[in-house]
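Asks: Below is a structure I'd like to ask you about.
Have a look at this one:
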């Protein structure tokens, strides 16, 4: 029975294909898992210990393949500034191959220090994500990778349905913009949800 449910998680929907074979998706929690290789984790750990120590580390992913999925880069900057000022957090900015324009805007306008993660393969990026205390991201591939390595992930949604696409698991949260407009989400709202996630 592949009956349609509009808000079913996509990962669960994909597993339903195996149900006629006697494999019950209910036996799986649907959480994705990805484990970086040990060498990548060692390299990332050494970099973090040498430069930032054990402070709170927040990953930000400001890009997305689809423009309507992108929270305004200046809001990301405002959030990062507040995280540094109020929490003393170190900011790590991940960058994909299609994110150059928005990342360049972030770099131009940011008046604080941050670590830019670019030109790394998926193993190294996943190791960086795993080393974060939390990742704030648009609805895009990095969202799934951050969740898959087990890092609490706060996802910002606009036109897409978070009930279908947001990461599965109690440690992950999402915020859906009013009338499916991602830029209706305020910095203050993201900060409050994020702060609650860090202190849980």
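Residue numbers (the numbering used here): 145 to 344. Cβ atoms here follow ideal geometry from the backbone N, Cα and C, with glycine treated the same way.
May I have a chain-ordered list of the beta strand (DSSP E) segments no shorter than 3 residues that lie completely inside the region 228–267?
Replies: Whole beta strand (DSSP E) segments, 3+ residues: 234–238 and 259–261.
Asks: In three-state terms, what does DSSP make of residue 299?
Replies: In this structure, residue 299 counts as strand in the three-state DSSP scheme.
Asks: Is the beta carbon of residue 206 sitting closer than 8 Å to the one on residue 234?
Replies: No, these two residues do not count as a Cβ contact at 8 Å.
Asks: Any idea which residues DSSP pairs residue 203 with across the strands?
Replies: In DSSP, residue 203 forms a bridge with 236 and 279.
Asks: Within 10 angstroms of the Cβ of residue 223, are there 16 or more other Cβ atoms? Answer buried if so, exposed if not.
Replies: By the neighbour-count rule (16 or more Cβ atoms within 10 Å), residue 223 is buried.
Asks: Can you list, in chain order, the residues of its chain whose CB lies under 8 Å from that of residue 226, leaving out five sequence neighbours each side?
Replies: Counting only Cβ-Cβ distances below 8 Å, and skipping sequence neighbours, we find 331 and 335.
Asks: Short of 7 Å in beta carbon distance, which residues of its chain neighbour residue 228, apart from the five on each side in sequence? Order them along the chain.
Replies: Cβ neighbours of residue 228 beyond the five flanking positions: 235 and 256.
Asks: Is it true that the CB of residue 306 sits closer than 8 Å to the CB of residue 318?
Replies: Cβ distance < 8 Å, so residue 318 and residue 306 count as in contact.
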